Amino acid sequence: MEKNNTKTIIKIDHASRFYTVGDITVKALNDVSLEIKEGEFTSIMGPSGSGKSTLMNLIGCLDSPSDGNIYIDDQPTFNMDETELAFLRNSKVGFIFQQFNLLSKLTALENVTTPLLYAGIKKKERVERAKAALEKVGLGDRIYHRPNEMSGGQKQRVAIARAIVTNPSIILADEPTGALDSTTGEQIMELFWQLHSEGRTIIFVTHDRNLGYQCLRQVHIKDGHLEDEK
Amino acid sequence: MIIENTKLAFKALVGSKLRTVLSLLGIVIGVASVVTILTLGQSIQTNITDSISSAGPDLITFSPFDSGEEADIFTEEYSTFMASLDDRIETVMAMDNSSTTVRVGQESESANVYGVPSTYDDNLALTFASGEFFALSDSITSRQVVVLGTNVAEELFPTGNAVGNTVMLNRNGQGKSYTVVGVLEDKDAIFSLNFDDSVFIPYSTYQARLNNSPNVGSYIIKVADENYTLDVSDNVEAYYDDLIGEDYFRIMSPTTMAEMATSVTSTLSSFLAAIAAISLLVGGIGIMNIMLVSVSERTKEIGIRKALGAAPAVIRGQFICESLVITLIGGVIGVLIGLAASYGFSVSMGTSFVISTFSIVISMGFSMIIGLFFGWYPALKASQLDPIDALNYE
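Sequence order for the protein chains is A and B. Counting from 1, one number per residue, gives the positions in the first sequence under our numbering. Counting from 231, one number per residue, gives the positions in the second sequence under our numbering.
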């Protein structure tokens, strides 16, 4: 299993997230603690409404906890403002979504350079790094294609290239094979294993038990609480 | 970032062409009308100034009213004193005029008859189609000689043999015959003084034959240099305000009239430009509308960009850049159309065409400000979208 001296990338310290709708307070996430170390391939599993998405949003710095704290690469996100969260997302997190979420008017290359643009990297380097990332996911020959000219698997590869191009601390994948047929899904899973073998930290959010149990570590969430790890 | 934003803006605008064109239209119309109005205003002013310089910019006309107090002092001899009022005055000419009929045989023509000194033609730079102006000796001896304006000569002497012939000038039903000594070339009118429809006789003759009183109709004050005109005019006016009161005389000169006309046109064109600017404002509201639609349509895109690490300021910049690009393009097209339209107007009105840099700068600047102002709120709205909600938006 994991070595003890490995660096902790994500530390969730008694974090809660409450939403207030009218007079009712919904506890989407209640006192959750979790540590994820560098290089781990973890799945977060749970039915819909379990708080899975809330946990993912917190880890992805799209949101900050109402109580407790979350440390991403040692940086506490509690009380961070939008701009600080955006910066953290840009530098630490690579998102991969079920519906790919590519920018439809941009080419594959432009999609992949976008996070680098927000990181303030110069154009020449942006293009070089994006091309390298696209090569890596096997799309070196499709860099000028737009999303509507690509298959689902190709789109997801572009999204993966976009997620790794900034060299993030975490790759956060939300049901990445959910919109793909099983063969293509397996190819994408292979790509994830390749990324894992390169030492990247991967968090795989899914409700699919078969997929979840493929990962090296499983975290189960239900009703806003973590269940004991198996 | 700015370059990338501009590229993105162009992409987004090209992506929805019809909408872009419609929102451009408002700005184009606004800018074009501001530019047209200001450019036309400037052209008209330039034309006024030009026509003044051809109409004797160094002349001031002073006319006492008969009913005025001390009206009796205004005699021919008084012009010598008037010339001493300001040392920049070169000369003062007494003159008078009335309407009359000029007759040759059975042909008659109504005309204004002017009694003027023999130096009149030099001072007003008159030119002759034939013959010449009457001489000083004609004035001294009050001879019955006449110089005809071009229209009068053409009507009465269609064959062009006016000089040397006689015409009858009527006064109170009595005709006196005058020998034609010269015919003027056509010349632009100075105010009511329409040279082409007038005839000119020596002042002394006018006094003796046509006038019942020794009083002078008006004085023409010629200053040494046209730059002095306004100043001298003011001095003379002030002097007679004190002496006889402002209600008892009238003083005017092409230069003072030009100043008045210029200030009237500039006020008028500023006023019209302000109205045109309102259409620019309306165009701006159109842009705001379009940008708001665009923001809500692109909620998903905004969510994705935020997930990829775009800070609120970056999203704001992207949308402001878009509305600035619209107003900038609209501004450039508007300026071009405005210049073309005012060129067309100038040509059809026969005035000269002057490009008003001021109008271009101000309308471009104003449309950019409108882009900023009306782009700000939609951009702010875009930047404040919750990233999670925006990402999940379908």
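Using N, Cα and C, we set each Cβ at its ideal position, and we do this for glycine too. Predicted model, so just to flag it, every value in this text is computed and none were measured.
Please classify residue i: is it buried, with 16 or more other beta-carbons within 10 angstroms of its beta-carbon, or exposed?
i                      : result
residue 622 of chain B : exposed
residue 2 of chain A   : With a pLDDT of 46 at residue 2 of chain A, under the threshold of 50, the predicted position of this residue should be treated as unreliable, and no value is reported.
residue 312 of chain B : buried
residue 14 of chain A  : exposed
residue 192 of chain A : buried
residue 425 of chain B : buried
residue 65 of chain A  : buried
residue 579 of chain B : exposed
residue 350 of chain B : buried
residue 163 of chain A : buried
residue 47 of chain A  : exposed
residue 137 of chain A : buried
residue 501 of chain B : exposed
With a threshold of 8 Å on Cβ separation, who are the neighbours of residue i within its own chain once the five nearest residues in sequence on each side are excluded?
i                      : result
residue 279 of chain B : 488 and 492
residue 481 of chain B : 290, 291, 292, 293, 463, 466, 467 and 470
residue 139 of chain A : 108, 154, 157, 158 and 161
residue 517 of chain B : 253, 256, 257, 553, 556, 557, 600, 601, 604 and 605
residue 446 of chain B : 294, 304, 305, 306, 308, 309, 324, 325 and 326
residue 490 of chain B : none
Quick one: residues in its chain with C-beta nearer than 6 Å to the C-beta of residue i, no 5 flanking neighbours on either side, listed in chain order?
i                      : result
residue 576 of chain B : 273 and 583
residue 257 of chain B : 513, 557, 560 and 597
residue 130 of chain A : 109, 112, 113 and 165
residue 613 of chain B : 542, 545 and 546
residue 594 of chain B : 561
residue 318 of chain B : 453, 454, 458 and 462
residue 436 of chain B : 326 and 345
residue 31 of chain A  : 14 and 16
Starting from residue i, trace the alpha helix (DSSP H) both ways and give me its first and last residue.
i                      : result
residue 123 of chain A : 123-136
residue 158 of chain A : 152-164
residue 142 of chain A : From DSSP, residue 142 of chain A is part of no alpha helix (DSSP H); its letter is neither H nor E.
residue 110 of chain A : 108-118
residue 414 of chain B : Residue 414 of chain B -> not in any alpha helix (DSSP H); beta strand (DSSP E) instead, spanning 404-414.
residue 190 of chain A : 182-197
residue 529 of chain B : 529-537
residue 584 of chain B : Segment: none, residue 584 of chain B is in no alpha helix (DSSP H) and carries neither H nor E.
residue 87 of chain A  : 82-92
residue 473 of chain B : 459-473
residue 576 of chain B : 542-579
Only counting the same chain, and skipping five residues up and downstream in sequence, which positions put a Cβ closer than 7 Å to that of residue i?
i                      : result
residue 483 of chain B : 289, 290, 291, 459 and 463
residue 275 of chain B : 492, 495 and 496
residue 581 of chain B : 273, 274 and 277
Cβ atoms of residue j and residue i: under 9 Å apart, would you say?
i                      : j                      : result
residue 377 of chain B : residue 363 of chain B : yes
residue 332 of chain B : residue 397 of chain B : yes
residue 617 of chain B : residue 543 of chain B : no
residue 72 of chain A  : residue 203 of chain A : no
residue 160 of chain A : residue 121 of chain A : no
residue 165 of chain A : residue 112 of chain A : yes
residue 174 of chain A : residue 91 of chain A  : no
residue 201 of chain A : residue 35 of chain A  : no
residue 410 of chain B : residue 361 of chain B : yes
residue 479 of chain B : residue 343 of chain B : no
residue 510 of chain B : residue 417 of chain B : no
residue 11 of chain A  : residue 70 of chain A  : yes
residue 389 of chain B : residue 415 of chain B : no
residue 322 of chain B : residue 589 of chain B : no
residue 116 of chain A : residue 125 of chain A : yes
residue 261 of chain B : residue 568 of chain B : yes
residue 369 of chain B : residue 432 of chain B : yes
residue 341 of chain B : residue 477 of chain B : no
residue 522 of chain B : residue 608 of chain B : yes
Could you give the first and the last residue of the continuous beta strand (DSSP E) run that contains residue i?
i                      : result
residue 343 of chain B : 337-346
residue 32 of chain A  : 24-37
residue 15 of chain A  : 8-21
residue 320 of chain B : 319-334
residue 71 of chain A  : 67-72
residue 291 of chain B : 289-294
Less than 8 Å between the CB of residue i and some heavy atom of the ligand COA, yes or no?
i                      : result
residue 420 of chain B : In the structure shown, the ligand COA is absent, as is every other ligand, since no ligand is present at all.
Contact residues within the stretch 58-78 of chain A, judged by C-beta distance below 7 Å to chain B: When CB distances to chain B are screened at a threshold of 7 Å, the residues of the stretch 58-78 of chain A falling below it are 62 and 63, in chain order.
What are the residues in the stretch 106-118 of chain A lying within 7 Å of chain B by C-beta distance? Legend: CB atoms of the stretch 106-118 of chain A lying less than 7 Å from CB atoms of chain B belong to residues 114, 115, 117 and 118.
Tell me which residues of the stretch 536-548 of chain B have at least one Cβ-Cβ distance to chain A shorter than 8 Å, keeping chain order. So the list reads 536, 537, 538, 539, 540, 541, 542, 543 and 544, given in the order they occur along the chain.
With 7 Å as the limit, tell me which residues of the stretch 237-256 of chain B have their beta carbon closer than that to any beta carbon of chain A; keep them in chain order. Cβ contacts with chain A: 241 and 245.
Using a Cβ-Cβ cut-off of less than 9 Å, list which residues of the stretch 19-53 of chain A approach chain B; keep chain order. Within the stretch 19-53 of chain A, the residues whose Cβ lies closer than 9 Å to some Cβ of chain B are 53, listed in chain order.
Taking only beta carbons into account, state which residues of the stretch 599-621 of chain B come closer than 9 Å to chain A, listed in chain order. Hits within the stretch, in order: 613, 614, 616, 617, 618 and 621.
Cβ-based contacts, 9 Å cut-off: residues of the stretch 197-210 of chain A near chain B: For the stretch 197-210 of chain A, the beta-carbon criterion of a distance under 9 Å to any beta-carbon of chain B is satisfied by none of its residues.
Any C-beta of chain A within less than 9 Å: which residues of the stretch 509-535 of chain B qualify? For chain A, the residues of the stretch 509-535 of chain B that bring a beta carbon within less than 9 Å of one of its beta carbons are 530, 531, 533, 534 and 535, in chain order.
Near-chain A residues of the stretch 548-563 of chain B - C-beta to any C-beta below 7 Å: Listed by position, the residues of the stretch 548-563 of chain B near chain A (Cβ gap below 7 Å) amount to none.
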